[in-house]
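In what follows, a single structure is set out as structure tokens and then discussed.
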Amino acid sequence: MECVACNVDDREIRLNKCPICFKWVCDNCAVHAFGRLFCARKCADAFFFGDDDD
Numbered sequence: 006m007e008c009v010a011c012n013v014d015d016r017e018i019r020l021n022k023c024p025i026c027f028k029w030v031c032d033n034c035a036v037h038a039f040g041r042l043f044c045a046r047k048c049a050d051a052f053f054f055g056d057d058d059d
């Protein structure tokens, strides 16, 4: 596994799974929002504001 943003390998640094899209991201590249770690601002906004499917 590797970070979607910087491609660092999980053997070098701990990776976190985005709770929205399930992509892996390292602590340095993660977006910290609402007490969670996301792979991008788009996923953080989707978590907080919900989906626009309605």
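Just add 5 to wherever you are in the sequence shown, counting from 1, and you've got the numbering used here.
We put the beta carbon where it would ideally sit given N, CA and C, even for glycine.
Check: Restricting to runs no shorter than 4 residues, where is the alpha helix (DSSP H) found entirely within the segment 12-58?; Outcome: 46-54
Check: Output the distance between the C-alpha atoms of R46 and F54, rounded to the nearest integer angstrom.; Outcome: 12 Å
Check: Taking all protein chains shown into account, decide if F27 is buried (16 or more other Cβ within 10 angstroms of its Cβ) or exposed.; Outcome: exposed
Check: Closer than 6 Å by C-beta to L42: which residues in its own chain qualify, once you throw out the five before and the five after it? Chain order, please.; Outcome: N21, A35
Check: Flag this pair as yes or no: are the beta carbons of C23 and C44 separated by less than 8 Å?; Outcome: yes
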